[in-house]
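Residue numbers (my numbering): 79 to 543.
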């Protein structure tokens, strides 16, 4: 038999490209491989496969004699590749692939390769792949959320004439690619408008990247904006870092608190606006960017320019389209719809039912000047929801004292002493709080931060039991 095998091998020596076959085997040293000729006889088999089959000298035998349930010999007849086929060998399910060997447009043999020696390995890997795909999708979604605008113009609440005008200008600005400068006090909603402009523009499908110029130390601001190459400075990541401008490519970048940007950084930002390209720290290579710039400030940039704290040329670059959002104290018409919208939003977030805001409480909110603007209003509404009584109504008693006191205007009364007038003011506050609490004296004492005994004494002096 050995002599027949030798004759067989010698006869087929010229028919197979041994260089090609050996390369395949060497590249798959840890796989189970078998090679047959055009008649189905085994030419070569990897050591691992031989050990599994239990035949260390399979060469010269027909593949059907050595490997059960094989279809490798069919490949030399059909010339069709089979990938990932399930096959049972010695009672074990494996996954195999079969490929024809073609030379000069003629099939001269075939290669069989076991990809998974146990089908459970395949299922385990499939599960791992599915899990990894889910994880990748999750992190991609999270990254997309971080780099996307959250709000649109429909999220901007208010009915005042000045707000409607700002909204109209911003909607028009969204239709172009011009830079926009949004001015206004802290808490007026500048960022909300920046999001809305991006979402209403042709760049809506692109990233929206925000950076607060006042929150980042001046020595780190350049690397945050423009990125850096690996090893550019002590403490730099070896793989480098992509800057905010590159992250925003194809979309919009929101430069919040632009008025606080250091002068040396203003020079570099101006160059980016002029050249439309950035250069990472530690690199000499310039990278083109396609970014729309929306900036915001609570400072008067014209005054900052006059005092040499802000570059005039940068100011004009940023101030192509500009809007000024008035503080809440100058647009009282917006307080009621804002308060109602905030109650709806916060009660949902907190999982608390709120029935309504009493008219007296609303009047107090409308009378207050709101130095912290919408941000302060939101804080007050959240506080009030936490202090709700069983009637689930936001009342004057749930509002901070500095707001309820501002609702009252007290003037000097001729002929009355200071002590007499203070007595009247105190009485008015106590009686209104008692009324808001529907006669509940303990609640009234708690709201006014006074002892129950002191409250009873004062009520007695007013002739109230």
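The beta carbon of each residue, even a glycine, is placed where N, CA and C say it ideally should be.
Apart from sequence neighbours up to five positions away, the residues of its chain that approach residue 248 with a beta-carbon distance below 7 Å are 271, 274, 275, 401, ordered along the chain.
Its Cα nearest to that of residue 330, the residue 289 stands out among 289, 514, 519. In terms of CA proximity to residue 364, 355 leads the group 371, 372, 355.
Between residue 374 and residue 269, the gap from beta carbon to beta carbon is short of 8 Å.
About 5 Å separates the beta carbon of residue 307 from that of residue 361, a gap short enough to meet the 8 Å contact definition. Here residue 519 has 512, 530, 533, 534, 537 as same chain residues with Cβ atoms under 8 Å from its own Cβ, once five neighbours each way along the sequence are excluded. Distance from residue 154 to residue 185 at the Cβ level is roughly 5 Å; contact confirmed, criterion being Cβ atoms closer than 8 Å. Following the DSSP letters along the chain, one finds residue 244 inside the alpha helix (DSSP H) bounded by residues 239 to 252. Judged by DSSP secondary structure, residue 342 falls within the alpha helix (DSSP H) whose first and last residues are 341 to 353. With a minimum length of 4 residues, the unbroken runs of alpha helix (DSSP H) contained wholly in the stretch 469 to 538 fall at 479 to 484, 496 to 514, 519 to 525.
Across the structure, residue 133 and residue 123 are spaced so that their CA atoms are roughly 10 Å apart. Three or more beta-carbon pairs drawn from the stretch 293 to 301 and the stretch 335 to 343 are found closer than 8 Å, and the two stretches are therefore classed as touching. Cβ neighbours of residue 456 within its own chain (closer than 6 Å, five residues either side excluded): 420. Per the C-alpha coordinates, the member of 127, 119, 120 positioned closest to residue 109 is 127. Under DSSP, the beta-bridge partners assigned to residue 181 are 184. Short of 6 Å from the beta carbon of residue 336, and not among the five residues preceding or following it, lie these beta carbons of its own chain, in chain order: 291, 373, 375.
One Cα belongs to residue 244, the other to residue 378, and the distance between them is close to 17 Å. The same chain holds no residue with a CB closer than 7 Å to that of residue 464 once the five nearest residues on each side in sequence are set aside. With a threshold of 16 other beta carbon atoms within 10 Å, residue 210 falls short and is exposed.
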